[in-house]
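Novice:
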Amino acid sequence: MKSQTQIEEPNKKQWSLQDFEIGKPLGKGKFGRVYLAREAKSKYIVALKVIFKEQIEKYKIQHQLKREMEIQTSLRHPNILRLYGWFHDSERIFLILEYAHGGELYGELRKRGFLSENKAATYIMSLAQALAYCHEKHVIHRDIKPENLLLDHEGRLKIADFGWSVQSRSKRLTMCGTLDYLAPEMVENKAHDYAVDNWTLGILCYEFLYGVPPFEAESQSDTFRRIMKVDLSFPSTPCVSTEAKDLILRLLVKDSSKRLSLQKITEHPWIIKNADPTEHKFDEETKGSTEYTSALLLFPDPINREVQITSLGRWSRARSRRRDLVGVVAISRLDLAGASSSGLGVRSGLAARSRRRELVWAWGSVWA
1 MKSQTQIEEP
11 NKKQWSLQDF
21 EIGKPLGKGK
31 FGRVYLAREA
41 KSKYIVALKV
51 IFKEQIEKYK
61 IQHQLKREME
71 IQTSLRHPNI
81 LRLYGWFHDS
91 ERIFLILEYA
101 HGGELYGELR
111 KRGFLSENKA
121 ATYIMSLAQA
131 LAYCHEKHVI
141 HRDIKPENLL
151 LDHEGRLKIA
161 DFGWSVQSRS
171 KRLTMCGTLD
181 YLAPEMVENK
191 AHDYAVDNWT
201 LGILCYEFLY
211 GVPPFEAESQ
221 SDTFRRIMKV
231 DLSFPSTPCV
241 STEAKDLILR
251 LLVKDSSKRL
261 SLQKITEHPW
271 IIKNADPTEH
281 KFDEETKGST
291 EYTSALLLFP
301 DPINREVQIT
311 SLGRWSRARS
321 RRRDLVGVVA
331 ISRLDLAGAS
341 SSGLGVRSGL
351 AARSRRRELV
361 WAWGSVWA
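For the sequence shown, the UniProt record's numbering begins at 1 and goes up steadily by one.
#1: Please state if the CB of Val34 and the CB of Lys49 are separated by a distance shorter than 7 Å.
#2: Would you decide whether Lys158 is buried or exposed? Buried here means 16 or more other CB atoms lie within 10 Å of its CB.
#3: Can you name, in chain order, every residue of its own chain whose Cβ lies under 8 Å from the Cβ of Trp270, other than the five neighbours on each side?
#4: Which residue or residues does DSSP assign as beta-bridge partners of His101?
#5: Would you tell me roughly how many angstroms separate the C-alpha atoms of Ala160 and Pro184, rounded to the nearest one?
#6: Going by the DSSP bridge assignment, what does Leu36 pair with across the sheet?
#7: Leaving out the 5 sequence neighbours to the left and right, which residues in its chain are closer than 6 Å to Val253 when beta-carbon positions are compared?
#8: Residues bridged to Val196 by DSSP?
#9: Check whether the Cβ atoms of Ser187 and Met125 sit closer than 7 Å, and answer yes or no.
#10: Of the residues Ser74, Tyr106, Ala132, Glu21, which one's Cα is nearest the Cα of Ile265?
#11: Less than 7 Å between C-beta atoms, sequence neighbours within five positions excluded: which residues of the same chain meet that for Ala130?
#12: Between which two residues does the alpha helix (DSSP H) harbouring Leu131 extend?
#13: Do you know offhand how far Leu83's Cα is from Leu209's?
#14: Is it the case that the Cβ atoms of Ile22 and Ala37 are separated by a distance below 7 Å?
#15: For Gln18, count neighbouring Cβ atoms within 10 angstroms of its own Cβ and tell me buried if that reaches 16, exposed if not.
#16: Decide if Lys216 is buried, meaning its Cβ has at least 16 other Cβ atoms within 10 Å, or exposed.
#17: Over what stretch of residues does the beta strand (DSSP E) that includes Lys41 continue unbroken?
#18: Whole angstroms is fine: what's the gap from Pro235's alpha carbon to Leu249's?
#19: Identify which residue in Arg226, Gly103, Ser256, Met69 has its Cα closest to the Cα of Ile96.
#20: What are the residues that DSSP puts in a beta bridge with His88?
#21: Alpha carbons only, please: which of Pro238, Lys145, Ser261 is nearest the one belonging to Asp193?
#22: Return the bridge partner residues of Lys158 from the DSSP annotation.
#23: Please name the residue in Glu218, Ile144, Ser256, Arg225 whose C-alpha comes closest to that of Glu207.
#24: Between Pro213, Arg226, Gly27, Leu232, which has its C-alpha nearest Tyr99's C-alpha?
#25: Within its chain, find whatever has a CB closer than 8 Å to the CB of Val230; leave out the 5 residues flanking it on each side and keep chain order.
#26: What does the alpha-carbon distance come out to for the pair Val326 and Lys190?
#27: Rounded to the nearest angstrom, how far is the Cβ of Glu91 from that of Lys53, given a contact under 8 Å?
#28: DSSP three-state label for Lys13, please.
#29: Pick helix, strand or coil for Leu26, following the three-state DSSP scheme.
#30: Just to check my reading of the structure: Leu149 and Leu105 have Cβ atoms closer than 8 Å, yes? What is that Cβ distance to the nearest angstrom?
#31: Just list the residues that DSSP pairs Ile80 with in beta bridges.
#32: Taking C-beta to C-beta, are Pro146 and Leu115 nearer than 7 Å?
#33: Give the single residue among Phe87, Ser256, Phe224 whose Cα lies nearest to the Cα of Phe20.
#34: Rounded to a whole number of angstroms, what is the C-alpha to C-alpha distance between Ser16 and Trp199?
#35: Threshold first: 4 residues or longer. Then list the alpha helix (DSSP H) segments lying entirely within the region 221-274, N to C.
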């Protein structure tokens, strides 16, 4: 009979601790630690989260952890931290995670005090897009906060913790999340749905711009009271634009059905005016094709045997407002690190312009 904390691994390579070189600790949580690690053969950098089975059983979070792993493994979005896979031994469960070089957004916010409107709008745009993707997959996050948001080496935002997430098409009753970010319906123990995530975006937008969450109080009961009354005020400093306040007011609405939708957030004048356009979601596709020639670059991902490339090739292009969705028609055989000479099939990717050049990024699978 299997232990309650023994979780079935996906039908891929069976990883073990011997496959990784362990580096410095990145953080410590209630149930374990996170370490910088490198896959031994390919030298691919990951974060290895170590969770102790004794703690899982002590706090009876077997079901919650299993659900978190299943949800995060299934999600593929630029603003969601990848969970590549997992393995376990007699005492521990190891989660193989994407490494976010920039660390927690919480650290940046505490260091700066508050963020510029450009930075705040860019982050809110990224979160709105990532949460829209989650909601399409019937996933409610329920615990978006600065501590659960990471930054990669380019400063791109990544949702990193799905511990309170749930995959459901119906309303939920569980009260969960972090006090300052709870929606009124959760505080009042009422059924809730996807709109709790929209509320949290309003809280975060306020905190990004003012440095503190809007309903912070000396006691838990006072915070609950302020949330239920939507006791919202805007300090005179720092100076925040009327458009930003308007977005916050449209999100921090007690009636969840009247909160601004995620799509409307991305269309809000403050977002359009301030958010970094390179973060915008591609849409409005039109067909075309272009010949690209650029230096070959390989970024192998040994966890899922995927690669990112820029290379020679003819690309079919679907043009959008800001970026181009591309697909490779033909590409030559390559020899990848950690794999034998193999065929490379690249199904889709993204073309992104810089000041004087355009790079084509593509994702594909390697097979022998």
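C-beta atoms are modelled at their ideal positions from N, C-alpha and C, and glycine is treated no differently. All values derive from a computational prediction rather than experimental measurement.
Specialist: This is what the structure gives:
#1: Taking the sequence shown and counting its residues from 1, the one referred to as residue 49 is at position 49. Taking the sequence shown and counting its residues from 1, the one referred to as residue 34 is at position 34. Their beta carbons are under 7 Å apart, which means Lys49 touches Val34 by this criterion.
#2: Walking along the sequence shown from the start, residue 158 turns up at place 158. The residue in question, Lys158, is buried, as its Cβ has 16 or more Cβ neighbours within 10 Å.
#3: Here residue 270 refers to the residue found at position 270 of the sequence shown. Correct list, in chain order: Glu117, Ala121, Ser241, Glu243, Ala244, Asp246, Leu247.
#4: To locate residue 101, count along the sequence shown from 1; it is residue 101. For His101, which the question treats as bridged, DSSP gives no partner whatsoever.
#5: Along the sequence shown, read from residue 1 onward, the residue named residue 160 stands at position 160. Along the sequence shown, read from residue 1 onward, the residue named residue 184 stands at position 184. Their backbone Cα atoms lie some 24 Å apart in a straight line.
#6: Reading the sequence shown from its first residue, position 36 is the one you call residue 36. Ala47, per the DSSP bridge assignment.
#7: For the purposes of this step, residue 253 is taken as residue 253 along the sequence shown, with counting starting at 1. The answer, listed in chain order, is Arg259.
#8: The sequence position of residue 196 within the sequence shown is 196, counting from 1. Looking at the DSSP assignment, Val196 forms no beta bridge with any residue, so it has no partner.
#9: Working through the sequence shown from its first residue, we reach residue 187 at position 187. Working through the sequence shown from its first residue, we reach residue 125 at position 125. The sequence as given places Val at residue 187; Ser does not occur at that position. No, Cβ-Cβ distance for Val187 and Met125 is not below 7 Å.
#10: Here residue 265 corresponds to residue number 265 of the sequence shown, with the count starting at 1. For the residues Ser74, Tyr106, Ala132, Glu21, the minimum Cα distance to Ile265 belongs to Ala132.
#11: To locate residue 130, count along the sequence shown from 1; it is residue 130. The answer, listed in chain order, is His77, Asn79, Ile80, Ile159.
#12: Indexing the sequence shown from 1 puts residue 131 at position 131. Its alpha helix (DSSP H) spans residues 117-136.
#13: Position 83 of the sequence shown, counted from the start, is the residue given in the question as residue 83. Position 209 of the sequence shown, counted from the start, is the residue given in the question as residue 209. Each residue's alpha carbon lies about 30 Å from the other.
#14: Working through the sequence shown from its first residue, we reach residue 22 at position 22. Working through the sequence shown from its first residue, we reach residue 37 at position 37. Yes; because the gap between Cβ atoms is below 7 Å, this pair is in contact.
#15: Against the sequence shown, residue 18 aligns to sequence position 18. Looking at its Cβ environment, which holds fewer than 16 other Cβ atoms inside 10 Å, Gln18 is exposed.
#16: To locate residue 216, count along the sequence shown from 1; it is residue 216. According to the sequence as given, residue 216 is Glu; it is not Lys. So Glu216 counts as exposed.
#17: The residue given as residue 41 occupies position 41 in the sequence shown. Taken as a continuous stretch (DSSP letters only), Lys41 belongs to no beta strand (DSSP E), as it is neither H nor E.
#18: Along the sequence shown, read from residue 1 onward, the residue named residue 235 stands at position 235. Along the sequence shown, read from residue 1 onward, the residue named residue 249 stands at position 249. Those two C-alpha atoms are separated by around 14 Å.
#19: Taking the sequence shown and counting its residues from 1, the one referred to as residue 96 is at position 96. Selection Arg226, Gly103, Ser256, Met69 evaluated against Ile96 yields Met69 as nearest (Cα-Cα).
#20: As a first step, residue 88 must be located in the sequence shown, where it is residue number 88. BP columns for His88 point to Ile93.
#21: Here residue 193 refers to the residue found at position 193 when the sequence shown is read from its first residue. If we check each option's Cα against that of Asp193, Ser261 comes out closest.
#22: Counting from 1 along the sequence shown, the entry for residue 158 is found at position 158. DSSP, once it has assigned bridges, lists Leu150 as partnering Lys158.
#23: Position 207 of the sequence shown holds residue 207. The option with the nearest alpha carbon to Glu207 is Ile144.
#24: For the purposes of this step, residue 99 is identified with residue 99 of the sequence shown, where counting begins at 1. If we check each option's Cα against that of Tyr99, Gly27 comes out closest.
#25: Taking the sequence shown and counting its residues from 1, one reaches residue 230 at position 230. So the list reads Pro184, Leu252, Val253, Lys254, once near-sequence residues are dropped.
#26: For this step, residue 326 is matched to residue 326 along the sequence shown. For this step, residue 190 is matched to residue 190 along the sequence shown. Because the pLDDT of Val326 is 35, which lies under 50, any placement of that residue in the model is unreliable, and the number read from its coordinates should be weighed accordingly. The alpha-carbon atoms of Val326 and Lys190 are separated by roughly 45 Å.
#27: As a working note, residue 91 is residue 91 in the sequence shown. As a working note, residue 53 is residue 53 in the sequence shown. Indeed they touch by this definition, with Cβ atoms about 6 Å apart.
#28: The residue given as residue 13 occupies position 13 in the sequence shown. It is coil, neither helix nor strand.
#29: For the purposes of this step, residue 26 is taken as the residue at position 26 of the sequence shown. Correct three-state label for Leu26: strand.
#30: In the sequence shown, residue 149 corresponds to position 149, counting from 1. In the sequence shown, residue 105 corresponds to position 105, counting from 1. Between Leu105 and Leu149 the Cβ distance is about 4 Å, and since that is below 8 Å, they are a contact.
#31: Against the sequence shown, residue 80 aligns to sequence position 80. Paired residue(s): Ile159.
#32: Taking the sequence shown and counting its residues from 1, the one referred to as residue 146 is at position 146. Taking the sequence shown and counting its residues from 1, the one referred to as residue 115 is at position 115. No, these two residues do not count as a Cβ contact at 7 Å.
#33: Taking the sequence shown and counting its residues from 1, the one referred to as residue 20 is at position 20. Measuring from the Cα of Phe20, the nearest candidate turns out to be Phe87.
#34: Taking the first residue of the sequence shown as position 1, residue 16 is located at position 16. Taking the first residue of the sequence shown as position 1, residue 199 is located at position 199. For Ser16 and Trp199, the distance between alpha carbons rounds to 41 Å.
#35: 242-251, 262-266, 269-274
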